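To start, the structure under review is shown below, and the notes come after it.
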Amino acid sequence: MGNNGRVTRPASARAARLDQVCAAAVEVARAGITEVDATEVGEHLQVVAEGDRLVTHYFECRLAGYRGWRWAVTVTRVPRSRTVTICETVLLPGPDALLAPGWLPWQDRLKPGDLGPGDLLPTPADDERLQPGYLLSDDPAVEETAWELGLGRPRVLSREGRAEAAQRWYDGDHGPSAPISTSAPAAARCGSCGFYLPLAGQLRQCFGVCGNFYAPDDGRVVSTDHGCGAHSETLVEAETAVDEMPTVYDDSAVEPMSVSRAPGSIESGEPAEPYGHP
Numbered sequence: 001m002g003n004n005g006r007v008t009r010p011a012s013a014r015a016a017r018l019d020q021v022c023a024a025a026v027e028v029a030r031a032g033i034t035e036v037d038a039t040e041v042g043e044h045l046q047v048v049a050e051g052d053r054l055v056t057h058y059f060e061c062r063l064a065g066y067r068g069w070r071w072a073v074t075v076t077r078v079p080r081s082r083t084v085t086i087c088e089t090v091l092l093p094g095p096d097a098l099l100a101p102g103w104l105p106w107q108d109r110l111k112p113g114d115l116g117p118g119d120l121l122p123t124p125a126d127d128e129r130l131q132p133g134y135l136l137s138d139d140p141a142v143e144e145t146a147w148e149l150g151l152g153r154p155r156v157l158s159r160e161g162r163a164e165a166a167q168r169w170y171d172g173d174h175g176p177s178a179p180i181s182t183s184a185p186a187a188a189r190c191g192s193c194g195f196y197l198p199l200a201g202q203l204r205q206c207f208g209v210c211g212n213f214y215a216p217d218d219g220r221v222v223s224t225d226h227g228c229g230a231h232s233e234t235l236v237e238a239e240t241a242v243d244e245m246p247t248v249y250d251d252s253a254v255e256p257m258s259v260s261r262a263p264g265s266i267e268s269g270e271p272a273e274p275y276g277h278p
């Protein structure tokens with residue numbers, strides 16, 4: 001703080017002043033772009049102060065496939081000199097540049113179903129979904145009957161790994177919000193189905209495997225509140241036979257009518273008329 005009570009900011013915190021000599025060196029900066037033909041360098045777009053006697057000139061890039069990119073040429077000069085020199089030249093994307101998607105590690109790009117026959121998917125040594133097999137499983141139901149040490153599995157699912165799998169299953173196509181589940185009767189839930197095979201351990205409370213050959217989820221893990229129309233207690237009611245009533249004729253509703261003889265007709269008992277046949 002100065003004597004006048006005002007706060008004095010350090011030079012690095014103050015905005016750099018545009019050096020007029022460097023700013024006027026547009027053609028010097030343009031000549032520094034030697035990577036391409038001069039026709040690939042478009043009009044001068046902008047000049048930006050980077051520091052004391054240090055500015056960057058931006059030029060339009062006309063290279064095919066680099067729409068929206070800009071040539072950036074940084075120039076400077078020594079104190080009390082009017083000779084401008086070039087520091088660096090680089091091609092940078094502009095605000096509306098066409099860019100490739102950001103790079104993702106392979107483990108972040110994988111999606112369910114990407115692994116095919118013959119593919120290998122190495123598991124990181126520090127995968128948080130797994131823990132050493134000699135540790136307790138964090139699952140009382142498992143710990144009562146099994147101890148992982150020496151059973152041939154170096155790593156088992158950790159608490160985080162089980163929670164992640166359970167949430168993925170519950171939110172997927174075999175949870176309560178799946179279309180086949182929401183369209184099934186309200187009482188047709190897997191937890192009350194005779195074909196439901198509960199999982200072991202803590203996951204037993206929420207998940208099991210469908211064992212109904214005719215169900216769409218046969219052999220898949222389903223939640224207890226999942227459902228479908230193939231529930232074991234979906235029974236077909238026997239059809240009750242309906243007694244057939246005899247046909248009743250109401251003679252009183254029949255109105256007798258006389259019919260006149262049509263030309264050429266004969267009464268019963270009259271001799272047949274000759275037709276001229278031999």
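All letters in the sequence shown, in the order written, are residues 1 to 278 by UniProt numbering.
Yeah, the Cβ is synthetic: ideal placement off N, Cα and C, and Gly gets one too.
Remember, it's a predicted structure, so these values are computed and weren't measured experimentally.
Three-state secondary structure (DSSP) at residue 281? Here the chain has residues from 1 to 278 only, and residue 281 is not among them.
What is the DSSP secondary structure of Ala100, reduced to helix, strand or coil? coil
Assuming Thr234 is part of the alpha helix (DSSP H), what are its boundary residues? Taken as a continuous stretch (DSSP letters only), Thr234 belongs to no alpha helix (DSSP H), as it is neither H nor E.
Classification of Trp106 by the beta-carbon crowding that lies within 10 angstroms, buried from 16 upward: exposed
Hey, would you say Leu203 sits closer than 8 Å to Ser158, going by beta carbons? no
Which of helix, strand or coil DSSP assigns to Asp173: coil
In chain order, what residues of the same chain have a beta carbon less than 7 Å from the beta carbon of Gly150, not counting five sequence neighbours either side? In this predicted model, Gly150 has a pLDDT of only 38, less than 50, meaning its place in the structure is not dependable enough to derive any value.
If we ignore side chains and look at the alpha-carbon of each, how far apart do Thr76 and Glu40 end up? 24 Å
Where does Ser158 fall in DSSP's three states? coil
The beta strand (DSSP E) that contains Ala49, what's its start and end? Val41 to Gly51
Start and end of the beta strand (DSSP E) containing Pro132? Leu130 to Pro132
Just the C-alpha distance for His174 and Asp217, rounded to the nearest angstrom, thanks. 7 Å
Using CA coordinates, which residue listed in Ser192, Gly191, Cys22 and Ser258 is at the minimum distance from Ser81? Cys22
Just how far apart, CA to CA, sit Gly102 and Arg67? 18 Å
Measuring CA to CA, which of Ser177, Glu128 and Arg17 is closest to Ser223? Ser177
Quick one: what's got a C-beta closer than 8 Å to Glu50's C-beta in the same chain, skipping five residues either side? Ala16, Thr56 and Thr74
Chain D within 8 Å of Leu203, Cβ atoms only: In the displayed structure, chain D is absent; only one protein chain is listed.
On the criterion of 16 or more Cβ atoms from any shown chain inside 10 Å, does Leu18 qualify as buried, or is it exposed? exposed
In the DSSP output, which residue or residues are listed as bridge partners for Glu88? Thr74
Does DSSP put Pro179 in a helix, a strand or coil? helix
Does the separation of the CB atoms of Cys210 and Gly201 fall below 8 Å? no
Just the Cα atoms here: how many angstroms apart are Thr168 and Gly161? The amino acid occupying residue 168 in the given sequence is Arg; Thr does not appear at that position. Taking the straight line joining both Cα atoms gives about 11 Å.
Does DSSP classify Cys190 as helix, strand or coil? helix
Enclosing beta strand (DSSP E) for Cys210 [first to last residue]: Phe207 to Cys210
I need the DSSP call for Arg6, collapsed to helix, strand or coil. Residue confidence for Arg6 is low, a pLDDT of 49 falling below 50, so the modelled location carries little weight; the figure read from the coordinates is stated next. Coil, per DSSP.
Give me the Cα-Cα distance between Trp147 and Ile180, rounded to the nearest whole angstrom. With a pLDDT of 48 at Trp147, under the threshold of 50, the predicted position of this residue should be treated as unreliable, though the coordinate-derived value follows. Using only the alpha carbons, I get a separation of about 39 Å.
Between Cys87, Leu91, Ala166 and Leu98, which has its C-alpha nearest Leu199's C-alpha? Ala166
Assuming contact is defined by CB atoms lying nearer than 8 Å, are Leu45 and Arg62 in contact in what I supplied? no
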